[in-house]
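K.L.:
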Amino acid sequence: MADRSGTVAFSTPDRSSGTLVLGVLTVEENATACLARPEHAFTGIAPGAYELRRHREQADQVRLVAG
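Below is the structure:
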């Protein structure tokens with residue numbers, strides 16, 4: 146089994162700025178973070194700094210497609 150001695154941290158920005166940024170995930174060397182979402186399997190996240198943003202959907206548009 147691998148030695149996982151690094152630190153994983155999540156910091157959140159000031160929410161009053163109206164930004165789409167949810168926070169910054171920092172994964173130090175010798176650490177692995179895992180992302181778990183109901184519609185996906187677990188995903189390992191390698192060392193580094195990651196800016197996590199809110200996903201914004203565009204309004205539905207009617208599109209005509211030739212068949």
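In the working numbering, the protein residues as written are 146 to 212. Glycine is no exception: its CB is placed at the ideal position from the N, C-alpha and C atoms. Remember, it's a predicted structure, so these values are computed and weren't measured experimentally.
1) Only counting the same chain, and skipping five residues up and downstream in sequence, which positions put a Cβ closer than 6 Å to that of G212?
2) Excluding the five sequence neighbours on either side, which residues of its own chain have a C-beta within less than 8 Å of the C-beta of A191, listed in chain order?
3) Helix, strand or coil: how does DSSP classify R182 here?
4) Against chain C, with Cβ distances strictly below 7 Å, would G189 count as a contact?
5) How many Å lie between T152 and V169 at the Cα?
P.N.:
Taking the structure as given:
1) Note that G212 scores a pLDDT of 49, beneath 50, so its modelled location is shaky; the value from the coordinates is reported in the next line. For G212, where only same-chain residues beyond five positions count, there are no Cβ hits under 6 Å.
2) V172, T177
3) coil
4) Protein chains in the displayed structure number just one, and chain C is not present.
5) 14 Å
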